[in-house]
Amino acid sequence: MSQPVGTTPAPLDEAARAEAVLARLQLLVTRKLDGLLQGDYVGLLPGPGTEAGESREYRPGDDVRRMDWPVTARTTLPHVRRTVADRELETWMAIDLSASLDFGTARWLKRDLVIAAATAVTHLTARGGNRIGAVVGTGSAVPEKGSSGFFKKRATESEAAGPSVVRMPARPGRKEAQGLLRAIARTRIRPGRTDLGELIDLLNRPPRRRGVAVIVSDFLAPVESWSRPVRKLGVRHDVLAIEVVDPRELELPDVGVLTLADPETGDLHEVQTADADLRARYAAAAGEQRAAIARALRAAGAAHLRLRTDTDWLLDIVRFVAAQRHARTRGTTR
């Protein structure tokens, strides 16, 4: 299959690994999600739809934009209007494949979980004529200040390889969806940091009709750099943020002196992990960082799904979809 314009073909061994990982992920997703989530026409998020449905009483967390004011006025109780899901929705994914995603210390690499999330989203939405597209960020071609010569050399090579953001147009059909996933899996991660805010902004350009926007990233960029674009995206679209986390990003093991390399800048740091106070400070800072990410996503009205490299990510997705179904249907029957 030909590469989309602007993508960088992976070396043969990387391409073979990408194909093997994608094939395994697709088999897992098809078996488990089809087995546990048969039934209603739903994806990862209940589609907003455009056709009016029944009204029900307002529950905390409901979208206030769907308030049914006539019924609210008649009953003196706040009501929201349910909508019937459209059968042809457009879903766009912002896929962050910056250098920090090429890391993992457990069952999966973070990059593999990004592909897994994209596979699950595609499997649950690319049916019934729905269209799905993606913008993929592959790191900046410009090395950060203080980068080593090796990283500068790689950055120079990447700069000649093409743009750091690739747009893959939205098309309907299973065959096109498979091609989209294959192109994402084959995309090479390059040195540098993806501008996550700019990547998310690309989902707003050009303006599209109301649909679903999915952001897949580790969200390690400063919160202020991407929170406003997420809020802006949520004004028109239903937003799902999938956060990918490795356990070593949350706490350090006691293994003596570690030499750590920043995958996005090449900077090296020696850390004495035998220091219990240092490990405690690291865990506290990491916890606050993740709490800030969750707060920013909640403030933007985005649904938030966290996937970890050391847990059953498929089970996490199934639980998330089941919770979304429950939230969609609660209060409609008494």
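Taking the working numbering, the leading residue of the sequence shown gets 10, the next gets one more, and so forth.
In this text, a Cβ means the ideal position worked out from N, Cα and C, and glycines have one as well.
When you compare only the Cα positions, how much space is there between glycine 138 and leucine 98?
Mapped onto the sequence shown, residue 138 falls at position 129. Mapped onto the sequence shown, residue 98 falls at position 89. Approximately 8 Å, taken between the alpha carbons.
Within 10 Å of its beta-carbon, does histidine 278 have 16 or more other beta-carbons around it, so buried, or fewer, so exposed?
If you number the sequence shown from 1, residue 278 lands on position 269. So histidine 278 counts as exposed.
Would threonine 147 and serine 109 be called neighbours here (beta carbons separated by less than 9 Å)?
Within the sequence shown, numbered from 1, the residue matching residue 147 stands at position 138. Within the sequence shown, numbered from 1, the residue matching residue 109 stands at position 100. Taking 9 Å as the Cβ cut-off, threonine 147 and serine 109 do not qualify as a contacting pair.
What residue ranges within the segment 163–238 form continuous beta strand (DSSP E) runs of no fewer than 3 residues, ordered along the chain?
174–181, 221–226
Rounded to the nearest angstrom, what separates alanine 143 and arginine 191 at their Cα positions?
On the sequence shown, residue 143 is found 134 positions in, with the first residue counted as 1. On the sequence shown, residue 191 is found 182 positions in, with the first residue counted as 1. Roughly 12 Å between the two C-alpha positions.
What is the rounded straight-line gap between the Cα of lysine 184 and the Cα of histidine 335?
Translated into positions along the sequence shown, residue 184 becomes position 175. Translated into positions along the sequence shown, residue 335 becomes position 326. Cα to Cα, lysine 184 sits roughly 31 Å from histidine 335.
Return the Cβ separation of leucine 208 and alanine 309 in integer angstroms, given the expectation that the two are a contact with Cβ distance under 8 Å.
Here residue 208 is taken as the residue at index 199 of the sequence shown, counted from 1. Here residue 309 is taken as the residue at index 300 of the sequence shown, counted from 1. Wrong, their Cβ atoms sit about 15 Å apart, outside the cutoff.
Please confirm whether leucine 34 and threonine 128 have their CB atoms less than 9 Å apart.
What you label residue 34 is simply residue 25 of the sequence shown in a count that begins at 1. What you label residue 128 is simply residue 119 of the sequence shown in a count that begins at 1. In contact: leucine 34 and threonine 128 (Cβ atoms closer than 9 Å).
The alpha helix (DSSP H) with serine 80 in it runs from where to where?
The count along the sequence shown starts at 1 and reaches residue 80 at position 71. Checking the displayed sequence, the identity of residue 80 turns out to be valine instead of serine. Counting along the chain, the alpha helix (DSSP H) containing valine 80 begins and ends at 78–84.
Mind the definition here: the segment 313–329 touches the segment 237–255 only if three or more C-beta pairs lie below 8 Å; say whether that holds.
yes
When you compare the segment 298–309 with the segment 225–244, are there three or more beta-carbon pairs, one atom per stretch, that lie closer than 8 Å?
yes
Simplified DSSP state of lysine 255, which is helix, strand or coil
Against the sequence shown, residue 255 aligns to sequence position 246. Residue 255 is actually aspartate in this sequence, not lysine. Note: aspartate 255 maps to coil in three-state DSSP.
Going by other Cβ atoms of all chains shown within 10 Å of its Cβ, with 16 needed for buried, is aspartate 286 buried or exposed?
The residue labelled residue 286 in the question sits at position 277 within the sequence shown. Aspartate 286 should be labelled exposed.
Taking only the alpha-carbon atoms, compute the straight-line gap between glycine 296 and phenylalanine 228 and give it to the nearest angstrom.
Within the sequence shown, the letter at position 287 stands for residue 296. Within the sequence shown, the letter at position 219 stands for residue 228. Each residue's Cα considered, the two are about 14 Å apart.
With a threshold of 7 Å on Cβ separation, who are the neighbours of arginine 245 within its own chain once the five nearest residues in sequence on each side are excluded?
Counted from its first residue, the sequence shown places residue 245 at position 236. For arginine 245, where only same-chain residues beyond five positions count, the Cβ hits under 7 Å are Arg219.
Checking 9 Å against the spacing of the C-beta atoms, do alanine 115 and threonine 274 come in under that value?
Translated into the one-based positions of the sequence shown, residue 115 becomes position 106. Translated into the one-based positions of the sequence shown, residue 274 becomes position 265. Going by C-beta atoms, alanine 115 is not nearer than 9 Å to threonine 274.
For the putative contact between glutamate 260 and arginine 288, defined by C-beta atoms under 8 Å, what is the C-beta separation to the nearest angstrom?
Start at 1 with the first residue of the sequence shown, and residue 260 comes out as number 251. Start at 1 with the first residue of the sequence shown, and residue 288 comes out as number 279. Going by Cβ atoms, the distance from glutamate 260 to arginine 288 rounds to 7 Å, so yes, they are a contact pair.
For the beta strand (DSSP E) containing threonine 131, list its first residue and its last residue.
By one-based count along the sequence shown, residue 131 stands at place 122. Unbroken run through threonine 131 is the alpha helix (DSSP H), 119–134; no beta strand (DSSP E).
If I follow the unbroken alpha helix (DSSP H) through glycine 296, where does it start and stop?
Sequence index remark: in the sequence shown, residue 296 carries index 287 (1-based). 285–308 is the extent of the alpha helix (DSSP H) around glycine 296.
On the DSSP bridge assignment, give the partners of glutamine 281 in chain order.
As a working note, residue 281 is residue 272 in the sequence shown. In the DSSP output, where bridge partners are listed per residue, glutamine 281 has Val266.
Name, in chain order, the residues that DSSP records as bridge partners for valine 327.
Walking along the sequence shown from the start, residue 327 turns up at place 318. Answer is none; valine 327 lacks a bridge partner.
Contacting residues, own chain, Cβ-Cβ under 7 Å from arginine 120 (five flanking each side not counted):
In the sequence shown, counting from the first residue as 1, residue 120 sits at position 111. Excluding positions up to five away in sequence, the list reads Leu106, Leu110, Asp111, Ile198.
Residues sharing a beta bridge with glutamate 99, DSSP
Stepping through the sequence shown from its first residue, residue 99 is reached at position 90. According to DSSP, which records beta bridges pairwise, glutamate 99 is partnered with Arg140.
Spell out the partners DSSP gives histidine 313 in its beta bridges.
Position 304 of the sequence shown, counting from 1, holds the residue named residue 313. Histidine 313 is bridged to Ala250.
Can you check DSSP and say which residues form a bridge with serine 64?
Residue mapping note: residue 64 aligns to position 55 of the sequence shown, counting from 1. Answer is Arg90.
Once DSSP output is grouped into helix, strand and coil, what is the label at glutamate 28?
Position 19 of the sequence shown, counted from the first residue, corresponds to residue 28. Here glutamate 28 sits in helix by DSSP.
Note down, in chain order, each residue of its chain lying with its Cβ closer than 6 Å to the Cβ of glycine 206, except the 5 sequence neighbours on either side.
Residue numbering aside, residue 206 sits at position 197 when the sequence shown is read from its first letter. Result list for glycine 206: Ser234, Trp235, Pro238, in chain order.
Under 8 Å by Cβ, that's how I've got methionine 76 and proline 87 pegged, so tell me the actual separation to the nearest angstrom.
Taking the first residue of the sequence shown as position 1, residue 76 is located at position 67. Taking the first residue of the sequence shown as position 1, residue 87 is located at position 78. With 8 Å as the limit, methionine 76 and proline 87 qualify as a contact, their Cβ atoms being about 7 Å apart.
Using a Cβ-Cβ cut-off of 6 Å (strictly less than) and excluding sequence neighbours within five positions of aspartate 210, which residues of its own chain qualify?
Taking the first residue of the sequence shown as 1, we reach residue 210 at position 201. Closer than 6 Å at the Cβ level, and outside the excluded window around aspartate 210, lie Pro238.
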